[in-house]
Each structure stands twice: as structure tokens, then as C-alpha cells.
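Note that numbering that gives the first Met the number 0 gives residue 54 to position 55 of the sequence shown, counting from 1, and the numbers run on in steps of one.
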Amino acid sequence: MSRIGRKEIIIPRGVTVSEEGRFLRVKKGESELTVPIHDKTKVTIENDVIRVERVANDKLSRSVHGLTRTLIDNAVKGVDSGYEKQLEIIGVGYRATAQDGGLKLKLGFSHEIDFPTPDGITFEVKKNILTIKGADKQKVGQTAAEIRTLKKPEPYKGKGIKYVGEKIIRKAGKAVKGAGTGV
């Protein structure tokens with residue numbers, strides 16, 4: 000039995016979960032997520048508890064059991080409290096500004112980069128920290144990864160966009176060899 004798949008998901012107060020065909024709709028206020036349920040799993044909702052069970056015991060059923068439970072759990076936590084990723088922008092003249100339609104980034108190129116805001120995502124910028132918030136864990140992580148790829152941190156000076164807390168392995172620059180020896 001899957002250790003992850005066996006865990007029950009407790010539905011927090013204010014969150015409504017309904018099963019619609021092969022989809023599970025999770026809603027709280029304005030936030031709403033839909034999670035597909037695999038054919039090899041069965042979901043039961045009773046007394047503010049969600050249980051995910053296998054239909055069969057073949058390899059595919061075992062592999063999607065824990066996955067389905069985790070996707071449902073991420074949706075419940077996402078609509079309840081949301082997810083966020085923080086990026087740090089390092090470099091002289093590098094900056095970001097949040098606007099209605101998206102994000103304007105100055106990253107040392109000859110032009111500004113306009114990054115459109117995906118549905119369900121919000122941006123906050125304080126000094127050099129960019130915070131990406133949303134209810135969908137996968138979409139928040141994907142957006143952060145796409146922004147980071149615009150200017151990855153380089154190993155010599157560390158300039159670029161990195162996750163807060165990420166360690167950049169620095170390389171030593173060129174060493175001056177025999178300066179002033181007149182060789």
C-alpha cells in the first residue's frame with residue numbers, strides 16, 4: 000500500500016469539495032481548482048475527509064494512487080492558503096516592476112522584458128525580491144522557473160535571478176600570473 004496514498008486529506012473550514020464525473024472541484028471564495036481523477040483510483044468524500052483508494056492492484060494503479068492523493072492535497076492547500084515562490088534579482092540596474100498586465104523586467108539587456116501575468120498568479124515586488132503567489136502549486140512553480148530562465152545567475156559575479164535561499168556556486172576569476180616580473 001502506498002504510504003502517501005493511504006493518508007487522509009482533511010478539508011479545512013470554508014473549503015468546498017465536490018466530485019463531478021472524473022474531476023474533483025475544490026473551491027474557497029474566488030479560488031477554484033479542478034483536479035482530474037485517474038480511472039484506476041476511487042475518491043470518497045465524507046465528514047470533511049477525503050480518501051483515495053485503488054480500484055485494482057496492478058502497477059499503474061499503484062503508481063497513480065499516491066499521485067492522485069498528492070494532487071488533491073495540493074489543490075485543497077492551494078485554495079485555502081495559497082502557494083508562493085520568491086525570486087531574488089541581483090545586479091546593478093537589474094529591477095522588476097509589477098503592472099496590471101504583467102511584469103516589466105530590466106535585466107541588463109538592451110530592452111525591457113514584458114512578462115505577462117498567467118491566470119491565477121499575482122506578482123509582488125519589494126526592492127529586489129519578486130514574490131509569485133497563486134492557488135495552483137504547479138503554475139506558481141512553473142512561472143517562477145520561466146522568470147528565472149530569463150537571466151540565470153552567472154557563476155563569476157552571481158548576477159541574475161535566483162530563488163531566495165538558493166546557493167550559487169561561484170568560480171574564481173582569472174588569476175594574474177607573474178605581474179611585473181618582466182618575463
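Note that CB positions come from ideal geometry on N, CA and C, so glycine has one too. Since the structure is predicted, the reported quantities are computational estimates derived from the model, not experimental observations.
Problem - Simplified DSSP state of ALA55, which is helix, strand or coil - result: Here DSSP, grouped into helix, strand and coil, assigns ALA55 to coil.
Practice task
Determine the direct distance from the alpha carbon of GLY159 to that of GLU250, and round the result to whole angstroms.
Solution key: Any answer about residue 250 is impossible in this case: the structure gives the chain only from 0 up to 182.
Practice task
In angstroms with no decimal places, state the Cα-to-Cα distance between SER80 and LYS161.
Solution key: Taking the CA atoms as reference points, SER80 sits about 24 Å from LYS161.
Practice task
Could you work out which residue in VAL163, TYR155 and ARG24 is closest to GLY172 when comparing CA atoms only?
Solution key: Selection VAL163, TYR155 and ARG24 evaluated against GLY172 yields TYR155 as nearest (Cα-Cα).
Problem - Assigned secondary structure, GLN98 (DSSP; H/G/I helix, E/B strand, else coil) - result: In the three-state reduction of the DSSP assignment, GLN98 falls in the coil class, being assigned neither a helical nor a strand state.
Exercise for the section: Quick one: give me the first and last residue of the alpha helix (DSSP H) that ILE36 is part of. Expected result: Judged by DSSP secondary structure, ILE36 falls outside any alpha helix (DSSP H); it is assigned neither H nor E.
Exercise for the section: Below 8 Å CB to CB, which residues in the same chain sit around VAL48 once its five sequence neighbours on both sides are set aside? Expected result: Hits under 8 Å: GLU7, ILE8, ILE9 and ILE10.
Exercise for the section: Measure the Cβ-Cβ separation of GLY184 and ASP135 and say whether it is below 7 Å. Expected result: It is not possible to answer for residue 184, since the shown part of the chain is limited to 0 through 182.
Exercise for the section: Classify ILE168 as buried or exposed, calling it buried when 16 or more other Cβ atoms lie within 10 Å of its own Cβ. Expected result: Of the other Cβ atoms in all chains shown, fewer than 16 fall within 10 Å of the Cβ of ILE168; this residue is therefore exposed.
Exercise for the section: For the beta strand (DSSP E) holding VAL25, just list the boundary residues, first then last. Expected result: In this chain, the beta strand (DSSP E) harbouring VAL25 covers 22-27.
Handout entry: Beta-carbon proximity check, SER60 vs ARG53, cutoff 7 Å
Key = For the pair SER60 and ARG53, the CB atoms are nearer than the 7 Å cut-off.
Practice task
Measure from the alpha carbon of GLY100 to the alpha carbon of each residue in PRO115, GLU87, PHE108 and LEU149, then state which is nearest.
Solution key: From the listed residues PRO115, GLU87, PHE108 and LEU149, the smallest Cα separation to GLY100 is found for PRO115.
Problem - Under 7 Å between C-beta atoms of GLU83 and LYS132 - result: It is a contact, given that the beta carbons lie within the stated cut-off.
Practice task
Pick out whichever of ILE3, GLN137, GLU45 and ILE112 has its Cα sitting closest to the Cα of ILE146.
Solution key: Considering only alpha carbons, the answer is ILE112.
Practice task
Quick one: residues in its chain with C-beta nearer than 7 Å to the C-beta of LEU32, no 5 flanking neighbours on either side, listed in chain order?
Solution key: Counting only Cβ-Cβ distances below 7 Å, and skipping sequence neighbours, we find VAL25, ALA74, GLY77, VAL78, ALA134 and ASP135.
Practice task
Grab the span of the alpha helix (DSSP H) containing LEU106 for me, first residue to last.
Solution key: Premise fails: LEU106 is in no alpha helix (DSSP H) and is neither H nor E.
Exercise for the section: List the residues that DSSP assigns as beta-bridge partners of GLY133. Expected result: According to DSSP, GLY133 bridges with TYR82 and ILE120.
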